[in-house]
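When we follow the numbering used here, the leftmost residue of the sequence shown carries the number 1, and every step to the right adds one.
Presented below is the structure to which this report refers.
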Amino acid sequence: MENSTALEDNPWMAGAEQSSSQDGNPRIAISNSQTTTSKTTAHEQSSPESSDSDSDSTPDDICQDCRKEPGEWYCGACTQSYCERCWKKRPGHKKKNPDSANHMKVPYSKHVHFEDILHPNWDEVKRALMHEEDLQSLWFSITADAFENSGFGFDDFPRFSRLVAEHQARVDVDTCFPRLVSFVGKTGAGKSTLIRTMLEKPWLTDTEHGVKAKEVPVVGKRNSLVPASGDVHLYGDYLSERELPELDRPTFYADCEGFDGGAANPAGSFAYKSQQVKEAANRSNGRVRSALEEIIRLMFGQTRTRTLGRLSPDANKGKEPTREDFIKKLFPRLLYNFSDVVVFVVKEQQTLGNSILDILDWAFKSAASALNRATLPRLIVVINNADQSEIWDPKSARKMFFEDYKNVIEVDPNIKSLRESFIARGMEIKNLEDLFLKHYASLDVIFVPNGHIRSQLSKQLRTLYDIIQIRTRESQQKKHDARMLLPSQDQEYFFQLAFDHYVANIKNNEDKPFNFLAKMLKLHPMPNNLSNNFYRLFQAIYGAMEADANTGAAKAFLDLATPPVSSAIALNVARSDRRVPGKLAEVYQGGVDAHSDTHEGETYAKQVKKAISQICDWSRCEFANDRFQGRRCFLSRQGHGYDQHQDESGAVIGAGDFESEFVNVIQTQWEDAFLKSMDSVDRSIERAMLPLNWPSSQHSHLVHSLKQRNDATWDVHYSHLRALFHRLPSLADKTAHQLFLCFFCFREVPLQSLPCGHAICERCVKALVHCQLFSSENDKRVVALQQCPLHCEIQFFEPAPQLQLKPAFAGARVLTLDGGGVRGLIELKLLNAVQKELGGNIPIQRFFDLIGGTSTGGIIALGIGTKDWTLAHCEQLYPELCKSAFTTHGSAWSGNAWAYTFHGCRYQNVPFENKLKEVLGESRIMGLQHDTSLDLRSKVFVTSTKSDGNQPAIFTNYIRAIETEDTSTQKLLYDYEMKYDETLKLESWEVARATSAAPMYFRSFAKDGSPTYWDGGLCHNNPAWIARQEVFKIWPELSGPHPDILLSIGSGYVNESSKPRQPEQVQSKWSRHVQSKWSRVSGWFLNLGGLQTLNVLKATLLQNLDSEHAWKDRFSEYERELGNERRYFRLSPQCGTELPELDDLAAFESGELAKIADEYLADAGILIKTIVRRLITTSFYFEPDQPRQTTEDGQLFTGKCCSVLNC
């Protein structure tokens, strides 16, 4: 049970006072529905001792008694300001006065701050403007589709990522773990006002760094039952560095639309504003649109929208569904399952009893919508508008709450029914507290006084803030312990997955739960190490046993798993090229470290122990409830963070912790089982090395070479693999399409995927050649992949695909291609010049092992690297591709500004995407050439940028090791975008679209369930630096710190642009045009996240097009290391005038692009000849045919000189 008592140590709890005195003064409540007469300030009432003649003329900040001295203090009971001397004169302010508790002494500056928060002085125009500004804080939205009249639209906005980026920039951290606090409750309860107090912290004095928040919720009108702001808004808690206890743990507050807002769109909602735009569009007839209309359209251009369409009445129990129906289905599920803390705001104590059912029902309907959560949310109930008679201490308030409402579970029929539903599942519910703690991990209750009791209000708000901090830390610690605490970029992706999941449920009229653990396993592939690799095997065996109805018995599991793991460890030792003394069991237990990539002292036994722990965490609970037809718990041990059992549908079927006989047996028997297996493998290897008919008495006199032991170990391991897959027919499917693990050795990074989907590493390819399962005839580098033994019956491939292995002693040759839009034609002509100098008979791509590209260079890299296009074909195709890409929206009356406003980009996406599908196809970027021809394709990567332009990423057609992100220090330099989930692996055309999504030219790219991608040029328009990193991640065994050659091709630069410029200094012809079009937009709109962000992203992209300074900054150091030996080369024309714009199609017709290339090549002859000589030289390598020998004259190598070219 997660019912923490950490509040006892909070100094603000100890200092909270309980006051029992009352007064008859009017009250100011933190509520959106109080009457206008509930506030009496110094504007309205002068001091009782003052005259009527001048009472209205005294400024508020002057003492209202003497009218001379500054008013340092404010009295809520007197509703006026005082200087220090006049304060002491008042009888009510004397300590001996029994009513002095009502006359609390508050600094006047704090009073003004409170007044600004509680009762902002806004007229209708100001309020409307505030609502428009508040649109930028939108996170989730439900709209009656404002533009297509096609039903309801579901939108999620990039608000979360923007808050994260702002926080990271402000406190200078690379990775953060935001805490989410959701404020929920009925309309008018005061949620928005409370969030604003949490953001601005008016209880802090000036010396304590009180803040004036940049973005705050809009407080609703008094006497209004219409929600102030609709949908879900998100706000970041801004504190100074000194006050943040953990810089990487910012707090975000979600402001959820009121429960009873009704079917109508709230006045401040995105839906309402969208409808205004629709109506204005119908009236406009071509007029210039207002700033508001442009904002709405802009946001549509940036958000991810899903249109549900109009459901039939049958899908909603015979009635047409309303917006309110969708709010109740979507918002609670998202906020309940993702919030660390839920703050339920009750308008006043008189309504608390009626709110209990709302609090429970909100959670009950959401709890079944998710599986395998690490923890339930913490609940804080805030009773607003309390008076002096209330209990201020939160612990006492909690006790009073359960005491006062102890009978509600018997009296209220709905709550009674809810209780009985749990009892029917065998769960004990003795009282209301038990019922609450089935839905929430903990419960706190706090009274917040009306605004008149200003000093106590200040204390209670700070106490609430401290409770939130304590409870969010508890929640995150629970997630950390369950290894389910996600960094911000993963949290955002999870939100998107859940949003899509619940919208699909609504659309399909389903209630499938969102499985947190299953999604986490697909979010990022596990790093390549022995423990993770063994865990993958254990997981596959466990799943295959279930599929084959093998009951999942622990003993059967150990019998299946221990032989292949033990022989895999033996194989790993044998392949280490060193003789390890002792028996295998001794090596396993501690004779040698498991591998060089494990921590010091990490033995094989420790690696197996970690894998066993992981499979136990992943195993499902075995609880079954006979009262419910034997329904079984679907939660894993890792996701069983609370004492409830849920079935596959998410329904609670019983109470209790995780239980599993399978896990109990595994934990007690695995060590003995593996030790016995190690001894058995040792004996099998010894027998396999014996000559035929060798007498057993002579075994100890036989000396074996390393090669003999390696061959024997492989033979034993191969026999264990065959036995395992033969016994578990379903294992073949469970181990297929897992690209990051060779399921032959469970150790190495795969080289290639076989036609059946099993991945295999280079060492195992060579081992299967040795066993004659794969064939290699005259050329040892070329292997025919004829069969796969990882099936119940060996599967043969007809025809057998061929694969060329990279020679062990050959270096790496790298080609990179910059972005540049239409200027990609320049790059093609430069490549063609190099190819002609090489003779013109061999395609240029044959001379490179790795090809990388960005944007237009990425498309070329995909073409020549994965599709084997010739350069002539590229030059012919390229103008057609650019024409399809730069297809305008065709709105002649309003030009490009209209296109951007209404579509979020200047050009259409569909023509470009259709052309990419036509030329690149719809196959996955990673795939084996499944025919008899030799696969000579190079390894290819293309760059992209994720989220809001702050995280580079790459897509590849190859497999390499996955890095482990050290989230405690900083994030990875760039993401390796390979996914377990087949639905998330992008096709070739999608990769091309993701690398070329230039801001303001095209919309960002995302497929269902994937992150959002922008143009790779935002971070690495010149991908040479990434290419150099990839070389040593693909081929870590390469000798030396440099590739043999790296040729970087650029699309041109101008003389003065070699100096780095700031994004605001970059202004293309089109950006100047757009700026003039947008000059009519109000100043505050220019600060809105959408336009400002995209303008900065576009400016950054334009700046990065000049890649020369990036090349010089990064590679000059490498060139100095090499001295006279040149390995790094750059070809990019230098121009004295402006280069053609990215979208300047006229540059094709005018011949301007060809002219730039030709003029540059006329002077680059010597450089190109130097490049060609280096390419030819590095196409040869020395291959020894026997081990080196030591002679009196030194080291002797014998072998032959070979070429890597196989044309």
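The beta carbon of each residue, even a glycine, is placed where N, CA and C say it ideally should be.
Where residue i and residue j are concerned, what is the direct C-alpha to C-alpha distance, given to the nearest angstrom?
i: Lys430; j: Val408; result: 12 angstroms
i: Pro178; j: Asp340; result: 10 angstroms
i: Asp393; j: Gln460; result: 9 angstroms
i: Asn1022; j: Ala1110; result: 7 angstroms
i: Val216; j: Val503; result: 28 angstroms
i: Trp893; j: Arg906; result: Residue placement at Trp893 is poorly supported in this model, since its pLDDT is 40, which falls under 50; the coordinates are not used for a value here.
i: Leu754; j: Val783; result: 12 angstroms
i: Ala685; j: Lys512; result: Residue identity differs from the one stated: residue 685 is Ile in this sequence, not Ala. The straight-line gap from Cα to Cα measures roughly 50 angstroms.
i: Leu986; j: Ser1004; result: 15 angstroms
i: Phe1002; j: Asn909; result: 7 angstroms
i: Val802; j: Glu1121; result: Here residue 802 turns out to be Gln, not Val, going by the sequence shown. C-alpha separation (whole angstroms): 39 angstroms.
i: Ser355; j: Ala374; result: 27 angstroms
i: Phe662; j: Pro449; result: 54 angstroms
i: Val1204; j: Leu1175; result: 11 angstroms
i: Thr888; j: Ile1166; result: 43 angstroms
i: Asp172; j: Asp248; result: 9 angstroms
i: Ala1024; j: Thr197; result: 49 angstroms
i: Phe740; j: Thr866; result: 20 angstroms
i: Lys395; j: Ile467; result: 11 angstroms
i: Leu517; j: Asn372; result: 6 angstroms
i: Ala812; j: Lys1007; result: 34 angstroms
i: Leu352; j: Lys328; result: 21 angstroms
At what residues does the beta strand (DSSP E) containing residue i begin and finish?
i: Cys761; result: Element bounds for Cys761: n/a, residue is neither H nor E.
i: Phe809; result: Here Phe809 belongs to no beta strand (DSSP E), and DSSP marks it neither H nor E.
i: Phe447; result: Leu443 to Pro449
i: Trp1014; result: Tyr1013 to Asp1015
DSSP three-state label for residue i, please.
i: Gln607; result: helix
i: Lys939; result: strand
i: Tyr1128; result: strand
i: Gln646; result: strand
i: Ile1034; result: helix
i: Leu180; result: strand
i: Glu294; result: Note on Glu294: pLDDT 42, under 50, position unreliable in the model; the coordinate value appears next. In this structure, Glu294 counts as helix in the three-state DSSP scheme.
i: Val411; result: helix
i: Ala1006; result: coil
i: Ile1026; result: helix
i: His737; result: coil
i: Val1204; result: coil
i: Gly1083; result: Per-residue confidence for Gly1083 stands at a pLDDT of 33, beneath the threshold of 50, marking its modelled position as unreliable; the derived number appears in the next sentence. Three-state result, Gly1083: helix.
Considering residue i, what are the terminal residues of the alpha helix (DSSP H) in which it resides?
i: Gly1165; result: Gly1165 to Thr1177
i: Gln460; result: Arg454 to Asp481
i: His501; result: Ser488 to Asn508
i: Val782; result: Segment Val782 to Ala784 is the beta strand (DSSP E) holding Val782; no alpha helix (DSSP H) there.
At least 3 beta-carbon pairs within less than 8 angstroms: the segment 1017–1024 vs the segment 810–822
yes
Mind listing, in chain order, the continuous alpha helix (DSSP H) runs of no fewer than 4 residues lying wholly within the segment 308–385?
323–338 and 352–367
Which whole runs of the alpha helix (DSSP H) in the segment 55–141 are 4 residues long or more, in chain order?
84–89, 108–118 and 124–134
Would you check if there are 3 or more beta carbon pairs closer than 8 angstroms linking the segment 1170–1180 to the segment 833–843?
yes
When the Cβ atoms of the segment 1035–1049 are set against those of the segment 1127–1145, are three or more pairs found closer than 8 angstroms?
yes
For the segment 857–874 and the segment 1191–1205, state whether three or more C-beta atom pairs, one from each stretch, are separated by less than 8 angstroms.
no
Sufficient close CB pairs (3 or more, under 8 angstroms) joining the segment 414–428 to the segment 486–497:
no
Can you list, in chain order, the stretches of the alpha helix (DSSP H) that have 4 or more residues and sit fully within the segment 807–880?
824–837 and 856–866
Every unbroken alpha helix (DSSP H) inside the segment 528–566 [4 residues or more]
530–547
Using 8 angstroms as the cut-off, can you tell me whether the segment 323–337 makes contact with the segment 467–478, which would need three or more C-beta pairs spanning the two stretches below that distance?
no
Do three or more CB pairs link the segment 1029–1044 to the segment 1131–1151 at distances below 8 angstroms?
no
When you compare the segment 181–196 with the segment 343–352, are there three or more beta-carbon pairs, one atom per stretch, that lie closer than 8 angstroms?
yes
Give a yes or no on contact between the segment 787–802 and the segment 724–744, applying the rule of three or more CB pairs nearer than 8 angstroms.
yes
Counting Cβ pairs, one atom from each stretch, are 3 or more of them under 8 angstroms apart for the segment 82–94 and the segment 116–129?
no
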